[in-house]
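Throughout the sequence shown, residue numbering follows the numbering used here, covering 10 to 176 in sequence. Here the structure comes first, spelled out in structure tokens, and everything after it is commentary.
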Amino acid sequence: MYNQYREGWIEVICGCMFAGKTEELIRRINVLSYARKNILVFKPKIDDRYSTTEIASHAGSKVPCIVISEAKEILNHVNYDTDVVAIDEVQFFDESLLPILDQLILQGKRIIVAGLDLYASGEPWPIVAKLACKAKYVEKLHAVCVDCGEEAMYSFRLDSNTKDDIV
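Written out as structure tokens, the structure reads:
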């Protein structure tokens, strides 16, 4: 009844800090590399916690990436044979990312993004909320509360210089 078109899509991996978002992104990258997909991995320059040249999980997994300052730089690297575009720490990009990803989707690219869905205040990161609305698949991961051991879905701000702490 329906024709299958070669079209792209967005997958969103989101959740709070220490939920395993980057670990899941790396897992998907590895699976797709076994399938011989041509994958480009990006992260924002602001994310230099564990590495300046790789996406890195808290658990120690790492994958080489292209570090960019602005979303438009993605288009300098993607070409016709790119199958997958993966972006870590997507919450640090502004809304200029949206039309770029729309363009890549029309080219048949699979887009996988990972990032925080909520600020510590509980308010959504706007770019992640918009990407979740456009996504074909959304996976929300949860962490474990270090105090009670129960499931945690909010990041807790440790620095007390702000009034948006979750308590």
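C-beta atoms are modelled at their ideal positions from N, C-alpha and C, and glycine is treated no differently.
query, result
"Residue nearest to C23 in terms of C-alpha spacing, selected from A152, G158 and C157", "A152"
"Residue nearest to H67 in terms of C-alpha spacing, selected from I136, S42, L34 and S78", "L34"
"Boundaries (first-last residue) of the beta strand (DSSP E) holding Y146", "Y146 to L150"
"Exposure of Y19, with buried meaning 16 or more beta-carbon neighbours within 10 Å", "Looking at the sequence provided, one finds Ile at residue 19 rather than Tyr. Label assigned to I19: buried."
"Counterpart residues of R36 in DSSP-defined beta bridges", "Answer is none; R36 lacks a bridge partner."
"Helix, strand or coil at F51 according to DSSP, with G and I counted as helix", "strand"
"Proximal residues to E16 (C-beta, below 8 angstroms), its chain only, five neighbours per side dropped", "I114, L115 and G117"
"Cβ-based burial, V155 [other Cβ within 10 Å; buried from 16]", "exposed"
"With 16 other Cβ atoms within 10 Å as the buried cut-off, status of S78", "exposed"
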